[in-house]
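A quick write-up on the structure given underneath.
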Amino acid sequence: MKNNTTRFDLSDYLIHFFRNVAIDGPSAPIVPECMGFANIREDVNWSAIFMLRSAIRHCHLWATWSYRNGRRTIYGASPAVCFTEMPLAAFLEAGNAREKRGEAMSTYALIFPKAGLFELGANPVIYGLDDKSTRLSNGADGEARIIEEKLLPLREQYRYVAFNPSMNGTLDWSHEREWRLPYRGSMVKFEKKLEEFGVVDVPVDIPGLDISSSNCSGMGVVVKTTEEARWIASDILTLVDRGVLKQHHYRFIMSADSLPSLESIRSPDAISKVINDAMIDLEPFYALSEGAIVKIDSRFTEMILQVESAKSNAPILERGGVWLWILDNTHDLTRSLLARRRVSVSRDGRYLAKLPEFGSRRDLRQRETMAKELARLVTQEFGLECGYFSLLGSEDYDDVPFYNGNHLENRMFYNVSWK
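Numbering (the working numbering), first residue to last: 80 to 498.
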């Protein structure tokens, strides 16, 4: 007998959606002190696209207790990453409607192959218990909510969702078709840091899911606009260039403004077509001809020497490293210099071109000035936004403190918390 699995109400994917977060509110997750130098926060309201890009850049989804108004909604001893099994059209419809009503949802999302997350430990939630008379902890003051093990084993309690469709006001979240992935590692280090300092340092200090795992391969992204899709593609390309991800880890990027009507993407075949139309192809970024690479590299060297020959040595007062910072990782110049190993990608995703032609017998500030002049020439000839990047007393581009030009309006590089 053949299973009837080709239905419009079923999906082979699990969706983790992001919402706008007020980090000083009663439903806020624990957030780190620093989100990375390329993720800029200036207020307490963080947009859903900011949260999405931060997760992609750090390859990390936080396991939380899903606080609502100061109370945990996840029971048991394990925080979890939450997903919905809603088909794509239903998710987009629900996300748009709930976001307009000011509810905790948006259409910004990561989409995962269901089978891969199941292998990592994800399971569908359990709506309600067989014993309807049991009164459970109300989670006052954010305390842990533990169910008696005779009703539900502790290991399975992360899956429990309160359910009572017959009560006044109706308690029913079954429309979310939720799945959860528990965090099974040790919480000791995380909890100790919170107890001592009240905060953790960086996003990956918060327990969660490593989305660079091979079990997540074939995943996709949903955003609202084609411009945002370009930002995401740049973020993914950076991770591939850094060696964090393989080329085909992300399968597609879908922008809502380029989709047909929701009614037309309800069938499995229609969804497959939409995904195929949105597939990412990074191969062209690694397929420049050797001749093109040599030509661009030679011209870049000529420009460096042009700047270098126009400056006499100044007395050395400060030492350190200076690079040309290239802000478009898709440009042929960037790809050529990367292929020639003249460009390195920093931990924060900066594409930094080495400038050995400037020599080590020049003062740091003079080399900064020369890098700025080189940036002007490159921008003029290649139409490519560039700037300088320097470190006082260090040649390691991942060190701090660093100095660079002002490019805060460049949304391809800077992920900002405001809309």
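We treat Cβ as the ideally placed atom computed from N, Cα and C, and that holds for glycine.
message: Considering just the uninterrupted stretch of the beta strand (DSSP E) at N483, what are its terminal residues?
response: F481 to N483
Uninterrupted alpha helix (DSSP H) stretches inside the stretch 368-438 (no shorter than 4 residues): 369-388 and 411-418
field: Local conformation of A101 per DSSP, three classes
entry: strand
field: Where H139 falls, given that 16 or more other Cβ within 10 Å makes a residue buried
entry: buried
Endpoints, the alpha helix (DSSP H) within which T317 is located: Counting along the chain, the alpha helix (DSSP H) containing T317 begins and ends at T305 to D320.
task: Identify every residue that forms a DSSP beta bridge with V495.
output: I119
task: Please report the residue range of the alpha helix (DSSP H) in which F269 lies.
output: The continuous alpha helix (DSSP H) containing F269 extends over residues V267 to F276.
Bridge partners - D289, DSSP secondary structure assignment: H139
query: Quick one: what does DSSP say V353 is sitting in, helix, strand or coil?
result: helix
message: Please classify S185 as buried or exposed, where buried requires at least 16 other C-beta atoms within 10 Å of its C-beta.
response: buried
message: At 3 residues or longer, what runs of the beta strand (DSSP E) sit wholly inside the stretch 187-250?
response: 188-192
task: Give the secondary structure of M449 by DSSP, where H, G and I count as helix, E and B as strand, and everything else as coil.
output: It is helical.
- prompt: Anyone know if the C-beta pair for R259 and F162 falls short of 9 Å?
  reply: yes
- prompt: Which term fits A168, buried or exposed, when burial requires 16 or more other beta carbons within 10 angstroms of its beta carbon?
  reply: buried
query: Which residues mark the beginning and the end of the beta strand (DSSP E) in which A159 is found?
result: A159 to T163
task: Find out if the Cβ-Cβ distance for the pair V300, I372 is shorter than 9 Å.
output: no
- prompt: Mind checking P435: buried by the 16 CB within 10 Å criterion, or exposed?
  reply: exposed
query: Do L416 and A432 have their C-beta atoms closer together than 9 Å?
result: yes
task: Please check the pair S343 and A349, which I expect to be a contact at CB under 8 Å, by giving their CB distance rounded to whole angstroms.
output: 6 Å
- prompt: Quick one: what's got a C-beta closer than 8 Å to F242's C-beta in the same chain, skipping five residues either side?
  reply: Cβ within range, chain order: Y206, G207, L250, D251, W252 and S253.
- prompt: Taking the alpha carbon of H328 as the point to measure from, which residue in K451, L361 and C113 has its own alpha carbon closest?
  reply: Ranking K451, L361 and C113 by Cα distance to H328 puts L361 first.
message: For E235 and A142, I'd like the C-alpha separation in whole angstroms.
response: 16 Å
field: 7 Å Cβ shell around G181 - same chain, five flanking residues per side excluded
entry: none
message: Measuring alpha carbon to alpha carbon, tell me which residue in K268, L324 and L367 is nearest S292.
response: L324
message: For V267 and P111, which I take to be in contact (beta-carbon distance under 8 Å), what is that distance rounded to the nearest angstrom?
response: 18 Å between Cβ atoms; not a contact.
query: For F97 versus F170, is the C-beta spacing smaller than 9 Å?
result: no
task: Determine the direct distance from the alpha carbon of E172 to that of M165, and round the result to whole angstroms.
output: 10 Å
message: Given this structure, state the Cα-to-Cα distance separating T458 from C113, to the nearest angstrom.
response: Distance between the alpha carbons of T458 and C113 is about 32 Å.
- request: Keeping to the same chain, check which residues put their C-beta closer than 6 Å to that of G428; ignore five residues upstream and five downstream.
  value: A117 and T317
task: Thinking T413 and S313 are a contact (beta carbons under 8 Å), I'd like their distance in whole angstroms, please.
output: Going by Cβ atoms, the distance from T413 to S313 rounds to 11 Å, so no, they are not a contact pair.
- request: Please classify E257: is it buried, with 16 or more other beta-carbons within 10 angstroms of its beta-carbon, or exposed?
  value: buried
message: Tell me the residue span of the alpha helix (DSSP H) that contains F96.
response: Where F96 is concerned, there is no enclosing alpha helix (DSSP H), although the beta strand (DSSP E) it sits in stretches over Y92 to F96.
field: Bridge partners - G47, DSSP secondary structure assignment
entry: A query on residue 47 cannot be resolved here, the shown segment of the chain reaching from 80 to 498 and no further.
Beta carbon of P158 nearer than 9 Å to that of Y262: Result yes, Cβ atoms of P158 and Y262 sit closer than 9 Å.
message: Can you give me the C-alpha to C-alpha distance between S126 and A107, rounded to a whole angstrom?
response: 13 Å
CB of I332 within 9 Å of CB of I315, strictly: yes
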